[in-house]
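Quick notes on the structure that follows.
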Amino acid sequence: MTVQPMEDYLRDRLTVEAMGGDGLRARVSFPPDLQGPPQAGHGGGITAMLFELVRLLEGERWGTLRVPRPVRLEVALHRELPLDTALTAEAERAAHGWRARIHHAGRPIAEAEVRPMPSPLAPPPAEVRREWEVSRGDAHELPGYEFCLGCGLSNPRGAAVRFDYNEKLVWKRLTPQAHFRSADGSLFPGYLCIVCDELGWWLGALRQGECGLSNRVTICLGEPVAFDAPLLAVGSRSAVAASDSKGRVWGTALAIVSPEWNPVATAEVQFVGSRAFTKVMLSRFLPGSDLSALRRAFPRYVDP
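Residue numbers 2 to 305, in the numbering used here, belong to the letters of the sequence shown in order.
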């Protein structure tokens, strides 16, 4: 089955109502193939759409750069984004970059600050590379939710990334699907947004031992890379740090790198764990017939 290029697909979800001066206003909807949790938009997909609003405003498409790289996206996800729902979206030029927002019934769902960066992306700490080179052979694969835009193997629109992990790291060698190829042969930047959010979510979920939501996503995108460039997404579990006194909000850090460990993208994701959300999500994961995959990731919730 041929899948429409992701850049075109996201643009087709937007209906521009006004554009001029320093901004645009549009209607947008997220169909089920852009979901993360059931019935809600994927955090990385929302981030990709917010960046797409900025790219649309600047006339960037099909590999023609109009938004300088490297660029930093700071995204706040205020609440779950409902699927198949008419939403309002807007983007505007600001003093040092751009702002983009998605609203529902006058309430903000997500907003982004987008700014060019004055210096190249920082590489991961050297110990992350050493740990990956030493320990990657001893790993398990994480479970996945069937229709998730990031990890779902039954979502033809998604990235279908099921991460490997051990006690030190979470990682995956990336093989983007053909629909993430831009017309000029580069990798569509929305793919990096989806994978970064997915990896940050899993780093937090493993630390908490529960499912939850990303509520802040900061992604730095470097210069475009070729669609078929070999890439590795990796994050250190020891770098996950508590952001609240109750130990339910976690800050995670990760990177997507070339074989030489030059960063293509870096990210920080804030994960918020939820007991109630965990009980809803666990029955929807697909570890195949191997329930041990769920037991390893969520030992408090899966009976031996």
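All residues carry an ideal CB built from backbone N, CA and C; glycine is no exception.
Item	Value
Cα-Cα separation, Asp185 to Glu128	35 Å
DSSP beta-bridge partners of Trp99	Arg94 and Val115
Simplified DSSP assignment, three categories, for Asp165	strand
Bridge partner(s) assigned by DSSP for Gly21	Gly24
Span of the alpha helix (DSSP H), counted from its first residue to its last, around Phe148	Taken as a continuous stretch (DSSP letters only), Phe148 belongs to no alpha helix (DSSP H), as it is neither H nor E.
Limits of the alpha helix (DSSP H) - the one that Gly46 falls within	Gly44 to Glu59
Span of the beta strand (DSSP E), counted from its first residue to its last, around Pro264	Pro264 to Gly274
Distance, Ala179 Cα to Lys247 Cα	43 Å
Residues of its chain near Ala41, where Cβ-Cβ distance is below 8 Å and the 5 sequence neighbours each way are ignored	Glu81, Leu82, Pro83 and Leu84
Simplified DSSP state of Trp172, which is helix, strand or coil	strand
Spatial neighbours of Val4 in its chain, beta-carbon cut-off 6 Å, leaving aside the 5 residues before and after	Pro157 and His180
Nearest-angstrom Cα separation, counted from Pro6 out to Cys149	18 Å
Buried versus exposed call for Glu168 [16 or more other C-beta atoms within 10 Å across all chains shown]	exposed
Cβ-based neighbour list, Glu18, same chain, cut-off 7 Å, excluding 5 preceding and 5 following	Arg26, Ala27 and Arg28
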